[in-house]
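This note's numbering puts the first residue of the sequence shown at 0, with every later residue one more than the last.
Let me begin by presenting the structure, written as structure tokens, before commenting on it.
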Amino acid sequence: PRMTPKFTVNQTGCVNVPLAFADNSTIEAGNIIERHWDFGDGETSIVQNPDHLYKTSGTFVVKLYTVSDLNCKSLLFLDTVVINKSPLPDFKLPDVCITDEAVFINTSTNDLEAPETLKYLWNFGDPQATTANNTSTQFNGTHQYKTPGTYTVTLTATNSAGCSLSKQHSFVVNGADIKPAFTVQNKDNLCSNQEIVVVNTSTVNAGRITRIEFYMGANGAPNGTPDIIDSLPNTSKEYATYKYPAFTTAATKSFTITMIAYSGTSCFAKIEQTITVKPSPAILFDEVPPICSNAGLTKIIQAKETLGLPGSELFSGKGITADGFFDPIVAGVGTHLITYTFTGQNSCSETLTRNIVVFPSPTITLAKEIFILIGGQKKVEAFAIGNGLTYKWTPSIGLDRDDVLNPTMSGDNDRIYTLTVTSNQGCSTSQTIMLNILRVVEPYNTFSPNGDSINDTWGIKYIDSYPQVEVEIFNRYGQKVFYSRGYKNPFDGNFNNEPLPVGVYYYIINPNIGTKKVTGSLTILR
């Protein structure tokens, strides 16, 4: 049997608006049991009379074929539809109360023509309004509501192609009975250098508070510019963005804070609250100059309170005591942060910080003493560690140079020298060395240990210059009758606590400084 697929449709449509397709297919005998639609946009259907929504504009070829109960398939039937872009209606909601006229700002867009040329229909969703008053065809919608509450406002836009689309928004008309209120955090202990924190606690009988303004009172009565503005307030919201200008008097100051709470343009109420602000210390903390690691405990004098307010100061940081003494050894080489806090008797405080740099001091390795034979000379062995070092020896007498680390030293008298090593950062370290001039020992050739306190011990001139000297004495038979390392206890003519006989004895004196030994004879007289 012959099948003829066919459909009818409005051949112009709109994006996002369903388009109705009516099946008019026929068959000479039997029944059509299947219909297969292809809408030309990638979408299909097997419904007999489908509604199809096009999501984009353009020209689309729609195809239909049918299938009979004998499983026969028809030819294709094709027709064309043109889909136009729909306008995109939208609008902004005003913040209004029951005494305001609500003005809805139209923000619709349309690709075919300017938004101002579209046809508009507003429905304000006000059950208390008349039919005429509840609608408008103006570009921007305006309406006066009489009762606070939530309303659904609808805007329908139609373009020249006949495409229409609607947009709905829920809208709140706020009440007019506003109770402005706020609290001030830490109200009894406000300091002039701290932010004042105010907390909104305002309410309205219906709807919400739409705007909050605070005049903090620093310039007297409220003027035209609020210090704090919030167009999205809510209950318990904190505002911590205001500081009063610093004042330098010792007395407290009072300020009157004015709050204005709005539920719309013409609905508002205000409240005032007076606060007392205590003066805060004004402190100065100048730059702290660098310090050397060996400077010792140093008082930080760059920090002070400048108003003369009574109170206490506190220092903190690595290497610093609470009363401001800095120890560079404890802190160590490098940059360190020092915090200075002054707290007045009124509990208001102020804090500043500064960096202090600790430079490394040179280190010196130097013997405590040096020994030189009279008339001789010797190079000083000294070692120093540091950056860009310079050297200075004092006094310079007896030195070939006084500006090098290892000068050659000579002299005829004992002397104390000081070596000062200075880095390129200005840090100095000093150390002393004792020059001991060694003279050739001159032993006496006789002594008389008879107890008359005159020449009772054997004298050796200049022996004190040789602290490591060894003295040995022998009798004529080669027996050692005396030995001493150092000569603090001179030979008294006794051996094993018995007086030695009068006669000639022989000595060996070893200075132990690399020079030859001194030998000779001595005579004991009684």
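All C-beta atoms in this analysis are idealised placements derived from N, C-alpha and C, irrespective of residue type, glycine included.
### Query
Exposed or buried, which one is LEU164 when buried takes at least 16 other CB atoms within 10 Å?
Along the sequence shown, one-based indexing puts residue 164 at 165. Looking at its Cβ environment, which holds 16 or more other Cβ atoms inside 10 Å, LEU164 is buried.
### Message
Would PRO147 and GLY124 qualify as a contact pair, given that the criterion is a beta-carbon distance under 8 angstroms?
### Response
As a first step, residue 147 is located in the sequence shown; it is residue number 148 there, counting from the start. As a first step, residue 124 is located in the sequence shown; it is residue number 125 there, counting from the start. Pairing PRO147 with GLY124 gives a Cβ-Cβ distance that is not under 8 angstroms.
### Query
Given 8 angstroms as the limit, is there contact between the region 341-352 and the region 367-378, that is, 3 or more CB pairs closer than that?
No, because fewer than three Cβ pairs between the region 341-352 and the region 367-378 fall closer than 8 angstroms, the two stretches do not touch.
### Query
Once you ignore the five residues that flank ASP226 on each side, which residues in its own chain have a CB closer than 8 angstroms to its CB?
What you label residue 226 is simply residue 227 of the sequence shown in a count that begins at 1. Contacts found: PHE213, TYR214, MET215, ALA217 and TYR241.
#### Entry: Completely contained beta strand (DSSP E) runs for the region 153-224, where each covers 3 or more residues
Those beta strand (DSSP E) runs which fall completely within the region 153-224 and span 3+ residues are 163-173, 181-183, 195-199 and 210-214.
### Nearest-angstrom beta carbon gap, GLN47 and ASP22 [assumed within contact, 8 angstroms]
Within the sequence shown, residue 22 is the residue found at index 23, counting from 1. Within the sequence shown, residue 47 is the residue found at index 48, counting from 1. Yes, they are in contact, since the Cβ atoms of ASP22 and GLN47 sit about 5 angstroms apart, within 8 angstroms.
### Message
Give the list of continuous beta strand (DSSP E) stretches no shorter than 3 residues that lie fully inside the region 408-482.
### Response
Here the runs fully enclosed are 414-421, 427-437 and 469-473.
### Query
Short check: CB of LYS236 to CB of ASN192, under 8 angstroms?
Residue mapping note: residue 236 aligns to position 237 of the sequence shown, counting from 1. Residue mapping note: residue 192 aligns to position 193 of the sequence shown, counting from 1. Pairing LYS236 with ASN192 gives a Cβ-Cβ distance that is not under 8 angstroms.
### Task
Write down every uninterrupted run of the beta strand (DSSP E) in the region 237-293 whose length is 3 residues or greater and which is fully enclosed by it, in chain order.
Counting only runs of 3 or more residues that sit fully inside the region 237-293, the beta strand (DSSP E) segments are 237-241, 252-261, 267-277 and 282-284, in chain order.
### Query
TYR243: buried (16+ other C-beta within 10 angstroms of its C-beta) or exposed?
Counting from 1 along the sequence shown, the entry for residue 243 is found at position 244. By the neighbour-count rule (16 or more Cβ atoms within 10 Å), TYR243 is buried.
### Message
Which residue marks the beginning of the alpha helix (DSSP H) containing VAL329, and which one marks its end?
### Response
Taking the sequence shown and counting its residues from 1, the one referred to as residue 329 is at position 330. Taken as a continuous stretch (DSSP letters only), the alpha helix (DSSP H) holding VAL329 covers 327-330.
### Task
Could you check what DSSP says for THR116 in three-state terms: helix, strand or coil?
As a working note, residue 116 is residue 117 in the sequence shown. If DSSP states are grouped into helix, strand and coil, THR116 belongs with the helices.
#### Entry: Contact belief for SER429 with LEU418 at Cβ below 8 angstroms, rounded distance in angstroms
Numbered from 1 along the sequence shown, position 430 holds the residue referred to as residue 429. Numbered from 1 along the sequence shown, position 419 holds the residue referred to as residue 418. So it is a contact: roughly 7 angstroms between Cβ atoms.
### Query
Which residue from GLY385, VAL16, ILE384 and ASP402 puts its Cα closest to that of TRP392?
On the sequence shown, residue 392 is found 393 positions in, with the first residue counted as 1. Of the candidates GLY385, VAL16, ILE384 and ASP402, the one whose C-alpha sits nearest the C-alpha of TRP392 is ASP402.
### Message
DSSP three-state label for GLY29, please.
### Response
Position 30 of the sequence shown, counted from the first residue, corresponds to residue 29. GLY29: coil per DSSP, three-state reduction.
### 7 angstroms Cβ shell around TRP457 - same chain, five flanking residues per side excluded
Within the sequence shown, the letter at position 458 stands for residue 457. Excluding its 5 nearest sequence neighbours in each direction, TRP457 has C-beta neighbours in its own chain below 7 angstroms: TYR443, PHE446, PRO489, PHE490 and LEU521, listed in chain order.
### Chain-order list of residues whose beta-carbon lies under 7 angstroms from that of GLU368 (same chain, five-residue window excluded)
One-based indexing of the sequence shown puts residue 368 at position 369. Contacts found: ILE432, MET433 and ASN435.
### Query
Within this structure, are the beta carbons of VAL171 and THR151 separated by less than 8 angstroms?
Here residue 171 corresponds to residue number 172 of the sequence shown, with the count starting at 1. Here residue 151 corresponds to residue number 152 of the sequence shown, with the count starting at 1. Going by C-beta atoms, VAL171 is not nearer than 8 angstroms to THR151.
### Any beta strand (DSSP E) of 3 or more consecutive residues that is wholly inside the region 363-414
Annotation note: the region 363-414 contains the following uninterrupted beta strand (DSSP E) runs of length 3 or greater, listed N- to C-terminal: 368-372, 376-378, 381-384, 389-393 and 407-409.
### Rounded Cβ spacing between LEU63 and PHE76 (contact assumed at less than 8 angstroms)
The residue given as residue 63 occupies position 64 in the sequence shown. The residue given as residue 76 occupies position 77 in the sequence shown. Contact holds; Cβ gap of about 5 angstroms.
### Endpoints, the beta strand (DSSP E) within which VAL356 is located
Working through the sequence shown from its first residue, we reach residue 356 at position 357. It spans 348-358 - the beta strand (DSSP E) in which VAL356 sits, taken as one unbroken run.
### Message
Taking only three categories from DSSP, how would you classify GLN526?
### Response
In the structure as shown, the chain begins at 0 and stops at 525. Residue 526 is therefore absent and cannot be evaluated.
### Task
For PRO288, count neighbouring Cβ atoms within 10 angstroms of its own Cβ and tell me buried if that reaches 16, exposed if not.
To locate residue 288, count along the sequence shown from 1; it is residue 289. It is exposed - the Cβ of PRO288 has fewer than 16 other Cβ atoms within 10 Å.
### Message
Mapping the DSSP letters down to three states, classify PRO498 as helix, strand or coil.
### Response
Locating residue 498 in the sequence shown gives position 499, where the first residue counts as 1. The three-state reading of DSSP puts PRO498 in strand, counting E and B together.
### Task
In angstroms with no decimal places, state the Cα-to-Cα distance between ASN261 and THR98.
Mapped onto the sequence shown, residue 261 falls at position 262. Mapped onto the sequence shown, residue 98 falls at position 99. A small correction: the amino acid at residue 261 is Tyr; Asn does not occupy that position in the sequence shown. Between TYR261 and THR98, the alpha-carbon positions lie close to 12 angstroms from each other.
### Task
Taking all protein chains shown into account, decide if VAL60 is buried (16 or more other Cβ within 10 angstroms of its Cβ) or exposed.
By 1-based counting over the sequence shown, the position of residue 60 is 61. VAL60 comes out exposed.
### Task
Return yes when the Cβ of GLU100 is within less than 8 angstroms of the Cβ of THR141, no when it is not.
Position 142 of the sequence shown, counting from 1, holds the residue named residue 141. Position 101 of the sequence shown, counting from 1, holds the residue named residue 100. Contact flag set, yes.
### Query
By the 10 Å Cβ neighbour count, where 16 or more other Cβ atoms means buried, how is LYS277 classified, buried or exposed?
Translated into the one-based positions of the sequence shown, residue 277 becomes position 278. When all chains shown are included, LYS277 counts as buried.
### Message
With three or more C-beta pairs closer than 8 angstroms as the rule, is the region 353-368 touching the region 382-390?
### Response
Because the criterion of three Cβ pairs below 8 angstroms is met, the region 382-390 and the region 353-368 touch.
### Query
Based on Cα-Cα distance, which residue from LYS5, ALA28 and THR55 lies nearest to TRP36?
Along the sequence shown, one-based indexing puts residue 36 at 37. That would be LYS5, whose Cα lies nearest to the Cα of TRP36.
### Message
Under 8 angstroms: do the region 294-301 and the region 319-326 share three or more Cβ pairs, one atom per stretch?
### Response
In short, these stretches touch, since the Cβ pair count reaches three.
### Query
Do the CB positions of VAL196 and GLN184 come within less than 8 angstroms of each other?
Translated into the one-based positions of the sequence shown, residue 196 becomes position 197. Translated into the one-based positions of the sequence shown, residue 184 becomes position 185. Result yes, Cβ atoms of VAL196 and GLN184 sit closer than 8 angstroms.
### Query
Taking the C-alpha atoms as reference points, what is the distance between PRO88 and GLN127?
Working through the sequence shown from its first residue, we reach residue 88 at position 89. Working through the sequence shown from its first residue, we reach residue 127 at position 128. Near 25 angstroms, if we compare the C-alpha coordinates of GLN127 and PRO88.
### Query
Mind checking whether LYS553 and ILE274 have CB atoms under 8 angstroms apart?
This structure gives no information on residue 553, because the portion of the chain shown stretches from 0 to 525.
### Close beta carbons around ASN454, own chain, < 7 angstroms, minus the five adjacent residues each side
Here residue 454 is taken as the residue at index 455 of the sequence shown, counted from 1. Excluding sequence neighbours, ASN454 sits near PHE446 and SER447.
#### Entry: Under the three-state DSSP convention, the category SER56 falls into
Here residue 56 is taken as the residue at index 57 of the sequence shown, counted from 1. The answer is coil: DSSP assigns SER56 none of H, G, I, E or B.
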